[in-house]
Structures are given as structure tokens and as C-alpha cells.
Amino acid sequence: MRIVKSLQNKVCTDGSQMREFLLEFPLTPEFLTFLKSFGTVKEYPHMKRPYFSFEQEHFISLKGFVGDSSVEVRYRKEFFDLTSDYFHLLLFYAKQGESGARKMLEITDSIREKMKVRLPR
1 MRIVKSLQNK VCTDGSQMRE FLLEFPLTPE FLTFLKSFGT VKEYPHMKRP
51 YFSFEQEHFI SLKGFVGDSS VEVRYRKEFF DLTSDYFHLL LFYAKQGESG
101 ARKMLEITDS IREKMKVRLP R
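Take 1 as the starting number for the sequence shown in our numbering and just add one per residue.
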């Protein structure tokens, strides 16, 4: 899956950046399962359209509807330079199954090590 278009870009009051993307294909339950390896996924299937949110502390958060082709991605300002490609990487490695998950975990660990230098001790 890939990003077709950036629909909206905003700088939020806390300094984080919010971007809304249009994806090549709708978000699937399988993609949410993949995301669970990297952070907290909350699903709200009881809603008229099944809503979800995903958060990986210090990295990104996602919000959207399963079956929809648009998604909101929020990046923390402190680590934007390290995480700006993270959502693209999630989309790329999700289609590779278990081997993609392993590679994504390696990338995540590498980014996390760089973040430790900036985090207060």
C-alpha cells in the first residue's frame, strides 16, 4: 500500500504535525493486526463505521476508519526528523507479513536508540 496524496497538513497548538493522507487502498483489519506489534491499537467496531486509533509513544499516532482510504497521522515535534517516514515504512512492510514485521521492529529499535539521546534522563 502507498500514499496517493497528502490531503491536509497542520501544525497543532502543541507543536506536533498532523497530516491527512489518501491511501492507494482502504485500511484493513489485517493492517491493524500488523500495527499491534508496534504500539497500542484501539478499535471501536460498534460505531456505524469501525473507527480505530493507534499510538506508538514518541513516534506517531494514527486515526481513521477501517475500510476507508484516508488516515490522519500525527507526529511529535521533538522527533519529527526521526519519524517523518515511519508511516510510509509501516505501509511498505505491512504487506511483507512476518518478515516485514521483523524488519520494521529493527527500524523501530534503531529510531528509539536515537531518541534516547534527546529524552530527558
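Each residue gets a CB set at the ideal place from its N, CA and C atoms; glycine is no exception.
For phenylalanine 25, count neighbouring C-beta atoms within 10 Å of its own C-beta (all shown protein chains included) and say buried if the count is 16 or more, exposed if not.
With fewer than 16 Cβ atoms within 10 Å of its Cβ, phenylalanine 25 is classed as exposed.
Kindly indicate if chain D contains any beta-carbon less than 8 Å away from that of proline 45.
The chain labelled as chain D is not found in the depicted structure, where only one protein chain is given.
To which residues of the same chain is glutamine 131 closer than 8 Å at the C-beta, ignoring the five residues directly before and after it?
Only positions 1 to 121 of the chain appear in the structure, and residue 131 is not among them; the question remains open.
Let me know the secondary structure DSSP gives arginine 112 once reduced to three states.
Helix, per DSSP.
Please report how far the alpha carbon of glutamine 96 lies from the alpha carbon of phenylalanine 65, in whole angstroms.
If I take the Cα positions, the gap works out to 22 Å.
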